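Residue numbers (mature numbering (1 follows the signal peptide of the UniProt record, and there is no 0)): -16 to -1, 1 to 91.
So the structure is just underneath, and the comments pick up after that.
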């Protein structure tokens, strides 16, 4: 039984998604903390950040013009380890990354 429980724990760790934002436009410069994305999504503050990367496939979510994932929004998509430049035409203050169970961010 212990072996099966260990496999379940490893599987949940392997499917976890982490997010990291940078002050440079190409995932360079000062990096913010690497944060885990909850299975039901996660709102992240991205003031003064200009690019980000995530370790998950087919990641999607929304940029927001206000803190707390409120205000004007724009949808985004990204793939594993790809660097994404934040260029929406409006000032981005926060973003919501959809969780692995495809919920969160108002979905």
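Backbone N, C-alpha and C fix where the C-beta goes; we use that ideal spot for every residue, glycine too.
Since the model is a prediction, treat every value here as computed from it, not as a measurement.
With a CB to CB cut of under 6 Å and the five nearest residues on each side skipped, what residues in its chain are close to residue 82? For the purposes of this step, residue 82 is taken as the residue at position 98 of the chain shown. The residues are 25, 44, 45, 88, 89.
Secondary structure at residue -4, three-state DSSP: helix, strand or coil? Translated into positions along the chain shown, residue -4 becomes position 13. Residue placement at residue -4 cannot be trusted, given a pLDDT of 34 that sits under 50; the coordinates are not used to answer.
Starting from the C-beta of residue 69, find all residues in its chain whose C-beta is less than 6 Å away, skip the five residues before and the five after it, and write them out in chain order. By one-based count along the chain shown, residue 69 stands at place 85. So the qualifying residues of the chain are 9, 35.
Figure out for me which residue from 80, 4, 17, 67 has the closest Cα to the Cα of residue 58. Along the chain shown, read from residue 1 onward, the residue named residue 58 stands at position 74. With distances taken between Cα atoms, residue 58 lies closest to 80.
Residues in its own chain within less than 7 Å of residue 13 by CB, not counting five upstream and five downstream? Mapped onto the chain shown, residue 13 falls at position 29. Here the set comprises 6, 7.
Rounded to the nearest angstrom, how far is the Cβ of residue 40 from that of residue 64, given a contact under 8 Å? Numbered from its first residue, the chain shown carries residue 40 at position 56. Numbered from its first residue, the chain shown carries residue 64 at position 80. 6 Å between Cβ atoms; contact.
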